[in-house]
Structures are given as C-alpha cells and as structure tokens.
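Everything below concerns the one structure shown next.
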Amino acid sequence: MTRKGRAITISLKEPDKIALQTIATQLGYTWGDNPNISKLVEAIAQQKLLIAPNHDWSAELIATLHKAMLCLHERGNSSNAQTIAELLLKRSELKNPLRKEIERFLESLQKPNWRKRLDEFIDQSQPFQLAYQDAAQRIWTFHIQHAEICPRSHEYLDCWCQENSGNTDLPKLQHNWTLRLDRITDAALSPIDKKWRPDLDRLRVELHLYNGLAFAYEPKTNDIYTDWVPDLPQTKKVIREVSSTFWLFREILPYGEDCAIASPPEVRDRFRDKLLMLCNRYDDTAH
C-alpha cells in the first residue's frame, strides 16, 4: 500500500498485465498514449463498466456454434467462420481438446502474402495483373479491372479481365471470370495502369417460378424485381442481373420444372440445350 486509503499495489503475472493494458487501451483508459490499468480498475469499481460471467454458455450452445463454424467454412464463408472461432476461444467453458482444435482451425485460415495483397488491391480499387500456375502446370495470366470475393461452396474470385479467350460463356459475359481461390497455391500480383470498373458485365434475366417455389421464394440481393404475374396463375416473376450463366444454371437446376428462364432468348436457349443434353444421357442405351 503506497498511500493509505487511496491506493493499493497488486501483483500480476506479465500475461495478465498485458491483457489488462490491452483492455484499457481498447476502452480508452490511458495516460497520454499509454494504457492506464488504475483508471480501468476505478471504472469497474464505479460500475462504469459491467463485469459479466464468462462461464455461462451451455455445452449445447458451444456445440451449435462449433458446427456453424465448420458449416460456414465448408461453404466458403471463411470470414464468418473465423469470427465464430475467435468468439469461442474467448469462452472459459471451452474444453481443452476443442480449444486446441479451434486454434488449429484459425491457424489454417492464415492467408499467404499473395492472398493478403489481393485483398488490398480489391479494397483500394486498384487494377492488377494476376499470374499463377494450375495443377496441370499451366500458367494463367489475367489483367483484372474489377474483382470481388464470393463465398459459395468454396471461396471464389469473380473478376472482369481484359482477356476473354477460352471463356465459353455468352459473348456479353466473356470478360467475366471465376477463379477458385483455394486451388491457387501461389500467385504473382502487380498493379497495372488501368481504370477500375464499377462492376462485372451483367445480363438481365427474367425467371418464372411456379408451384410451391413461387410462394416460398425469398428475394435475393441481386433481384431487381419480384412480383406475381397478373395473367399467369400462381406464377412469380423475378428479374435479376447475372454475371455468369454457369452460376445461374447451377442455382436453378435443382428446382426442375418449378423454375423457367423466360428471357433473354440466348440464355433460355442455352439452358434448354443443356437440358436436352442431359435428357440424351438418359436416352443413351449404351450407358
């Protein structure tokens, strides 16, 4: 005790001291530029800060969050999976085996340098060149003027590139490419002197939904219009802009006869051709 009735001296292990200093800095309890633990303790004593237990989560809640973390990761949403993992590690209820598993999971999410640089280019709207070698030892080079990270079943880079050779989509969409990021082990990135485009190329598509799908459908963020068709009973019209027919077809195929492409003709015909090819597979007696 240094001054009777006013101050006390407490002994802290170095990790605990650092943890308290971090909390003090985060909450703005500082002396000049340095964290001030005394101010933090005083704020707690005056109930300016509330202390809550960190051991009141049930085993069921932790198991559910753990499962959600794994599901999000499997669907390519690594960012939200990481958030849940970091939240779980803060809980004192976490048993040691699960804690170590989550720590290893977070270590596996550490991004390589090229991936961090990719994020920086996108955040800064900086056009760039991306070069990488695929599993077949082929070198791919793209000059990219718009890009966005899209979590689907995996994490993908949707990008507008100057190159369109080899892209089998419709002519209006052939500058759009989708690259699966977990298949790129290393990449060379460098800025290029081009203008950043505001978006990918897009094509407006009209879909008609029938039966239960029409009633159950929930509008997507890229939907422009959603409403019932007055002269067609129990038919819902959805208008949206798509950047890839591949991803559109992959989305609607599971709905079968409950979803049809109404327009434009080139998208409708392309999907119909794929359905005919599918039917021919089943008509083939040779198997």
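The sequence shown begins at 1 in my numbering and counts up by one. No residue lacks a Cβ here, since even glycine has one placed at the ideal position from N, Cα and C. Just so it is clear, the structure is predicted and the values come from calculations on it, not from any experiment.
Contact check, residue i vs residue j, beta carbons under 9 Å
i: residue 39; j: residue 29; result: yes
i: residue 93; j: residue 62; result: yes
i: residue 69; j: residue 102; result: yes
i: residue 237; j: residue 227; result: yes
i: residue 45; j: residue 118; result: no
i: residue 205; j: residue 157; result: no
i: residue 268; j: residue 261; result: yes
i: residue 143; j: residue 84; result: no
i: residue 51; j: residue 132; result: no
i: residue 270; j: residue 245; result: yes
i: residue 155; j: residue 181; result: yes
i: residue 91; j: residue 140; result: no
i: residue 170; j: residue 130; result: no
Own chain residues within Cβ distance below 8 Å of residue i, not counting five before or after
i: residue 272; result: none
i: residue 259; result: 207, 208, 209, 210, 213, 252
i: residue 151; result: 75, 76, 77, 78, 79
i: residue 89; result: 99, 102, 103, 106
i: residue 232; result: 208
i: residue 195; result: 127, 145
i: residue 135; result: 183
i: residue 60; result: none
i: residue 172; result: 201, 203
i: residue 217; result: 209, 226, 236, 238
i: residue 86; result: 106
i: residue 16; result: none
i: residue 224; result: 204, 239, 240, 241
Identified DSSP bridge partners for residue i
i: residue 190; result: 129
i: residue 263; result: 206
i: residue 147; result: 159
i: residue 281; result: Looking at the DSSP assignment, residue 281 forms no beta bridge with any residue, so it has no partner.
i: residue 225; result: 239
i: residue 179; result: 157
i: residue 142; result: 130
Beta-carbon proximity list for residue i, same chain, < 7 Å, skipping 5 on both sides
i: residue 175; result: 160, 161, 164, 201
i: residue 222; result: 240, 241
i: residue 65; result: 84, 88
i: residue 25; result: 35
i: residue 109; result: 78, 82
i: residue 10; result: none
Same chain only: Cβ atoms within 6 Å of residue i, ignoring 5 sequence neighbours per side
i: residue 371; result: There is simply no residue 371 to check, as the chain begins at 1 and stops at 287 in what is shown.
i: residue 121; result: 128
i: residue 302; result: In the structure displayed, the chain extends from 1 to 287; residue 302 sits before or after that span and is not available.
i: residue 243; result: 176, 200, 202
i: residue 73; result: 81
i: residue 263; result: 206
i: residue 254; result: none
Chain B contact for residue i (CB, 9 Å cutoff)
i: residue 181; result: Among the chains in the structure shown there is no chain B, since it carries only a single protein chain.
- Message: Runs of 4 residues minimum, wholly inside the segment 231-275: which ones carry the alpha helix (DSSP H) assignment?
- Response: Complete alpha helix (DSSP H) runs here, min 4: 245-252.
- Check whether the segment 161-174 touches the segment 111-120, counting contact only when three or more Cβ pairs, one atom from each stretch, lie closer than 8 Å. Because the criterion of three Cβ pairs below 8 Å is not met, the segment 161-174 and the segment 111-120 do not touch.
- Message: Extract the residue ranges of the beta strand (DSSP E) inside the segment 21-63, only unbroken runs of 3 or more that lie entirely within it.
- Response: Taking only runs of at least 3 residues, no beta strand (DSSP E) segment lies wholly in the segment 21-63.
- Item | Whole alpha helix (DSSP H) elements within the segment 76-135, 4-residue minimum | Counting whole runs of 4 or more residues, the segment 76-135 contains the alpha helix (DSSP H) stretches 78-89, 96-108, 113-123.
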